Amino acid sequence: MLTWVLILFTVFSSSGGDILCARGMSSGRELNDFRPSGLGRAIRYIVTRRMVILGGLCYAVAFFSLLGLLSVAQLSVAVPATALSFVVDTIGARYVLREHIPWRRWAGVACVTAGVILIVRSGPALVTARTQHPPLHAAATIRSGDRAAAVVLP
Amino acid sequence: MNAPRPSPRATKTLVFIAVAVLANSFGNLMLALGMNRMPAFAHVPFVHYLVGLLANPFLLPGAALSAVCTLAQISLFSWADLSFVIPCTAASYIVTTLLGEFILGEQVEWARWIGVVLITFGVVLVAKTPVATKPHPAEIPC
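First to last, the sequence lines map onto chains L and P. Mapped onto my numbering, the consecutive letters of the first sequence carry residue numbers 391 to 544. Mapped onto my numbering, the consecutive letters of the second sequence carry residue numbers 65 to 206.
Encoded structure:
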């Protein structure tokens, strides 16, 4: 039960972060100047947008929620389940951000989600695992905020 | 017959997705290598552990690459759909698997390869859709 609560909490806070950041950025100007001189301005613009700050807080919540999840659940259940955030992101994009999602994109999201589940459930990538402190180690390599790739540990 | 030139926005999108994916994959590789050199958290005093984290040659660059990935992804949101960006950045799982197989010499099991094929197929499908499906606020006539 606690596992599922934490899975849902992780997924929704991670997707909430994505949706808030996307709302914050899409309601402002389109970034165009990425020369070294403009880069600082672009970063300042990003980190001072209110919605993006809220989104960042959601990412932080998702990270600690994932830490909690990894301490109570088996990795082979917990990590694949967080791939649900691809689906939640897409539903949020459709109904919160009012994006029009063509069928190809739905199909693509379904393939990506299935692929991610297959990849993360099948054990270690990138590291020969260190098992002394699995949650901390795994959380350092799985950034739930943007579903980073490496999954560690047996 | 020349192929139509990609629009500046399409080129920018491709570059930013590539930056996000590569920064994510290599950032994770460095974080994973760095954490692999750390002592067990429970076995050393907290301050030693903290010093170890900061002195580790892989962890700070790994964290910096993760920050680059996040900034690239958030920048993409200023012109591209969330439902376009998120599935495309999943290509980092493909790069990570290839890094594991060819750089670290891990045994990558068949289920993971099927996952790679599925993600590739999914990303191609999403990439065939328009980058943005609603007009940017700046383009909406007042």
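Ideal Cβ positions, reconstructed from N, Cα and C, are used throughout, including at glycine. Computed from a predicted model, the values in this text were never measured in an experiment.
DSSP state of residue i mapped onto helix, strand, coil
{"i": "residue 491 (chain L)", "result": "coil"}
{"i": "residue 484 (chain L)", "result": "helix"}
{"i": "residue 420 (chain L)", "result": "coil"}
{"i": "residue 143 (chain P)", "result": "coil"}
{"i": "residue 193 (chain P)", "result": "coil"}
{"i": "residue 478 (chain L)", "result": "helix"}
{"i": "residue 391 (chain L)", "result": "coil"}
{"i": "residue 125 (chain P)", "result": "helix"}
{"i": "residue 400 (chain L)", "result": "helix"}
{"i": "residue 434 (chain L)", "result": "helix"}
{"i": "residue 510 (chain L)", "result": "helix"}
{"i": "residue 108 (chain P)", "result": "coil"}
{"i": "residue 103 (chain P)", "result": "coil"}
{"i": "residue 179 (chain P)", "result": "helix"}
{"i": "residue 505 (chain L)", "result": "helix"}
{"i": "residue 170 (chain P)", "result": "coil"}
{"i": "residue 151 (chain P)", "result": "helix"}
{"i": "residue 199 (chain P)", "result": "coil"}
{"i": "residue 413 (chain L)", "result": "helix"}
Inter-residue CB distance, residue i and residue j (contact presumed, cutoff 8 Å)
{"i": "residue 396 (chain L)", "j": "residue 462 (chain L)", "result": "7 Å"}
{"i": "residue 40 (chain P)", "j": "residue 90 (chain P)", "result": "Absent from the structure is residue 40 (chain P), since the part of chain P shown begins at 65 and ends at 206."}
{"i": "residue 159 (chain P)", "j": "residue 85 (chain P)", "result": "6 Å"}
{"i": "residue 151 (chain P)", "j": "residue 499 (chain L)", "result": "5 Å"}
{"i": "residue 414 (chain L)", "j": "residue 442 (chain L)", "result": "4 Å"}
N- and C-terminal bounds of the alpha helix (DSSP H) containing residue i
{"i": "residue 469 (chain L)", "result": "465-471"}
{"i": "residue 77 (chain P)", "result": "72-100"}
{"i": "residue 443 (chain L)", "result": "440-462"}
In chain order, what residues of the segment 406-428 of chain L put their CB closer than 7 Å to some CB of chain P?
The residues in question are 408, 409, 411, 412, 415, 416, 417, 418, 419, 420 and 421.
Pull out every residue of the segment 471-482 of chain L whose Cβ sits closer than 8 Å to any Cβ of chain P, in chain order.
Residues passing the 8 Å Cβ filter: 476, 479, 480 and 482.
Along the segment 104-120 of chain P, what residues have a CB closer than 8 Å to any CB found in chain L?
Cβ contacts with chain L come from 104, 105, 106 and 107.
Taking a Cβ distance cut-off of 9 Å, strictly less, list which residues of the segment 445-460 of chain L are near chain P, in chain order.
Near chain P, meaning a CB-to-CB distance below 9 Å, the residues of the segment 445-460 of chain L are 445, 446 and 449.
Give me the subset of the segment 72-87 of chain P whose CB atoms are less than 7 Å from a CB atom of chain L, sorted by chain position.
Correct list: empty, as no residue qualifies.
Beta carbons nearer than 7 Å to chain L: which residues of the segment 126-138 of chain P have them?
Under the 7 Å Cβ criterion, the segment 126-138 of chain P contributes 130, 133, 134, 135, 137 and 138.
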